[in-house]
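The C-terminal residue of the sequence shown carries number 393 in the UniProt record's numbering, and the numbering is unbroken.
All residues carry an ideal CB built from backbone N, CA and C; glycine is no exception.
To start, the structure itself, in structure tokens.
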Amino acid sequence: MPYYRQIGEIPRKRHTQFRQPDGTLYSEELMGVEGFSSDSSLLYHKHLPTAINASVEFAPPWPLTREANLPLKPRHLVTHKLDAAGSDAILGRQHLLANEDVRISYSVADTPSPLYRNAIGDECLYVEAGTARVETTFGALEVGRGDYVIIPTSTIYRVVPTGAEPLRTLVIEATGHITPPKRYLSKRGQLLEHAPYCERDIRGPQEPLVEDGEDVDVLVQHRIRGGIGWTKFTYVNHPFDVVGWDGHLYPWVFNIDDFEPLTGRVHQPPPAHQTFEGPNFVICSFVPRKVDYHPLAIPVPYNHHNVDSDEVLFYTGGNYEARKGSGIGQGSISLHPSGFTHGPQPGAAERSIGAEFFDELAVMVDTFRPLDLCDAGLRCEDPGYAWTWARKV
């Protein structure tokens, strides 16, 4: 993250003696990205974070199958068809779309997840509904509807649903880092005045989360030659034994309701809605907002063809005027691939004239390499979606 935080007990100087009440040293751990050349944090453990007594290969309950979008066509995935009881937010992920840079999945969770570490890239969890406590080595985060939760690479965490209703989560797994767009940041990393959110909108852990335990299992997703592997480590002591940390790298939360939309006299393109960026993809937030105020404005989007990207839109609230009559609803995901011109449904442009406000909520992921379809995506597809522009509503 672009600003410094200090939580719990730490010594005055880095890499110096810091002793526990019994006189033994706390174990210092540096978590840093890009080697030693970018953001990092220093964590202080009661026990050695390196001590494991078992490592075994682990088979996740879902195989990651992918097939090309052939024949090429727009797709509509109805995620609420994937509802499942007895699942958790990690092993219960149902993969929808994937390429070499990013994987997009959906989970419906009502049980606590195992401890987990993604050693491949950052994760962005978007909470569609429900509440949870995200417990990490840095501390805990209380999350709910509309929260984006950014989990840095290799953070050990688990997700514990806390409400009466299931936790519904859109999951975006990167092969690198997910950050605010560079154009929103000063050269020293501060969010600038033109950015649609600022540091005041960001929530991080408030205090250490210290747990005791021995022989604690942690599932690790990691790179292997030609793909992805899973390993189960058994730690001698519980990894949630950090008494303090400081730095710029930690899990954090931003709520979509705190995104300040940019509007204009005529329709604003998606870069105005950009919220985060990752390796070869961006994440945007479409929020309730006043719309175009030119006297001849057409508020809904114009037909457009993103020649370099696939566009994924997750509809998570309100009424999306441009798609009325297409079958799109709460929890829908549309995929509009490169090679296909897309836009509002027939009649939507005329109906939108004179509108002053749109009550819509959606998360968009634009990728710069084509997305494949995964098994869960194919299982929840609406097969008639591609032809909806051909009929008048």
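Are residue i and residue j touching if we call contact CB-CB under 8 Å?
| i | j | result |
| --- | --- | --- |
| H331 | N255 | The displayed chain sequence assigns Gly, not His, to residue 331. Contact flag unset, no. |
| S40 | L192 | no |
| Y302 | D258 | no |
| D246 | Q6 | yes |
| T162 | T111 | no |
| I156 | V218 | yes |
| T137 | V242 | yes |
| V363 | Y126 | yes |
| C380 | V78 | yes |
| P251 | L91 | no |
| residue 447 | F286 | Limits of the chain in this structure are 1 at one end and 393 at the other, which puts residue 447 out of reach. |
| G139 | Q190 | no |
| E356 | H336 | no |
| I52 | T234 | yes |
Assign residue i to one of three DSSP states: helix, strand, or coil.
| i | result |
| --- | --- |
| I90 | coil |
| K290 | strand |
| residue 394 | A question about residue 394 goes unanswered here, because the residues of the chain that appear run from 1 up to 393. |
| R117 | strand |
| W230 | strand |
| Y385 | helix |
| H80 | helix |
| E350 | helix |
| A390 | helix |
| R168 | strand |
| Y302 | coil |
| L296 | coil |
| P271 | helix |
| L262 | coil |
If I measure Cβ to Cβ from residue i and keep anything under 6 Å in the same chain, skipping five residues before and after, which residues do I get?
| i | result |
| --- | --- |
| F340 | P74 |
| R203 | V253 |
| Y293 | R265 |
| V159 | A89, S113, A132, V134 |
| A349 | I298, V300 |
| H222 | A119, G229 |
| L48 | S27 |
| P61 | L91 |
Who are residue i's beta bridge partners in DSSP?
| i | result |
| --- | --- |
| G139 | T136 |
| E29 | L43 |
| G8 | G244 |
| I200 | According to the sequence shown, residue 200 is Arg rather than Ile. R200 pairs with nothing; no bridge assigned. |
| W252 | I150 |
| H336 | E311 |
| G214 | It should be noted that the sequence gives Glu, not Gly, for residue 214. DSSP, once it has assigned bridges, lists N237 as partnering E214. |
For the putative contact between residue i and residue j, defined by C-beta atoms under 8 Å, what is the C-beta separation to the nearest angstrom?
| i | j | result |
| --- | --- | --- |
| R168 | E128 | 4 Å |
| C284 | P270 | 5 Å |
| Q345 | W389 | 7 Å |
| H177 | G278 | 7 Å |
| R117 | S154 | 6 Å |
| V102 | E34 | Not quite, the Cβ-Cβ distance comes to about 19 Å (not below 8 Å), so this is no contact. |
| H238 | V216 | 5 Å |
| P288 | E199 | Actually they are not in contact, since the Cβ atoms of P288 and E199 sit about 23 Å apart, beyond 8 Å. |
| F240 | E214 | Contact flag wrong, Cβ pair sits at about 13 Å. |
Tell me which same chain residues have a C-beta within less than 7 Å of the C-beta of residue i, skipping the five on either side of it?
| i | result |
| --- | --- |
| C374 | L64, T65, R66, H95, L96, L97, A98 |
| S309 | S338, D366, T367, F368 |
Please go through the same chain and pick out, in chain order, the residues whose beta-carbon is closer than 8 Å to the beta-carbon of residue i, but skip the five residues on each side of it.
| i | result |
| --- | --- |
| I328 | H76, Y315, Y320, S334 |
| Q20 | Y26, K46 |
| I10 | F18, L42, Y44, G244, W245, D246 |
| N306 | H336, S338, D366 |
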